[in-house]
Structures are given as C-alpha cells and as structure tokens.
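Take a look at the structure below.
In UniProt numbering, the protein residues as written are 1 to 146.
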C-alpha cells in the first residue's frame with residue numbers, strides 16, 4: 001500500500017539526486033532551515049471507498065524552493081527540470097503513480113518564493129485473506145458413460 005510518507009520519501013530522493021547540494025526539509029524541521037533548501041509536503045485530498053475492496057486515494061505534492069539569494073532564472077530552471085525528471089509518473093514502492101496538474105506559483109509576502117505543485121491519484125486494494133496462499137491446483141476430469 002502506498003502511504004503519504006512513501007511519497008514524501010520518493011520526492012526527497014529525486015531532489016537529493018538532482019540537487020545534491022540543496023538540503024531538503026519537512027514540516028518538523030523547516031523552522032531551523034538555512035537557504036537554499038527545498039521544503040516538501042504532501043497534502044492529502046481525500047480517501048474514498050470505491051467498493052468493499054478498493055480505496056481511491058489522492059494528494060497534492062508541494063515543493064517549495066527557498067533560495068539564499070532570489071534568482072528568478074535559477075528558480076524557473078529548477079521548476080522546469082523537476083517537471084522533466086518527474087515525467088508522467090512517480091515511482092513509489094514499485095507502483096507508478098500518474099503525475100497530474102503540474103504547476104507552480106510564487107508564494108510569501110513578496111511573491112518571490114517558487115512553489116511547485118502536482119497531483120497524484122491512485123487505487124489501493126483493501127482485500128485481505130487469512131491463511132496460506134494456494135500454490136498448487138490440480139483438476140481431475142472423469143468421463144462417465146451414458
């Protein structure tokens with residue numbers, strides 16, 4: 001099952017690989033952050049039961065890029081590069097989640113801190129079975145005379 005924590009970990013791994021010199025922070029450590037850094041958060045948008053055995057989950061992923069010195073060209077380059085690296089899917093726990101609605105905006109008082117956001121939506125099976133898995137099946141067909 002894909003968790004929101006799994007998504008944060010995967011996004012942080014991508015950022016670490018692509019920007020090894022830029023630290024990454026979460027909501028628990030951002031108060032002590034020293035620029036430049038990425039702040040990654042996942043905002044759950046909903047969990048709904050599609051059937052007895054299927055859940056539909058969705059979230060928005062936000063990546064905020066705080067620069068030491070604000071440089072618009074560098075910020076726009078990072079926004080485009082992250083989009084290219086993500087491609088169409090985010091690989092999480094052996095699953096490929098479709099990336100949708102990739103966008104960015106500028107936040108904070110002066111509107112000079114870029115924030116990337118994109119959506120993810122996926123389905124999970126909630127069907128659980130007690131007992132051992134069947135490993136062998138045999139079938140015997142007998143033809144009886146009429």
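Don't be surprised by glycine CBs; every beta carbon is placed ideally from N, CA and C.
Quantities reported herein were computed from a predicted structural model and do not represent experimental measurements.
Asked, Found
"Rounded separation between residue 120 and residue 133 - CA only", "32 Å"
"Rounded C-alpha distance that separates residue 29 from residue 40", "11 Å"
"Helix, strand or coil at residue 47 according to DSSP, with G and I counted as helix", "strand"
"Outcome for residue 106 when other beta-carbon atoms lying within 10 angstroms are tallied against a minimum of 16", "exposed"
"Beta carbon of residue 64 nearer than 8 Å to that of residue 115", "yes"
"Whole-angstrom C-beta distance between residue 89 and residue 154, which should lie under 8 Å", "No answer is possible for residue 154: it lies beyond the span of the chain, which begins at 1 and ends at 146."
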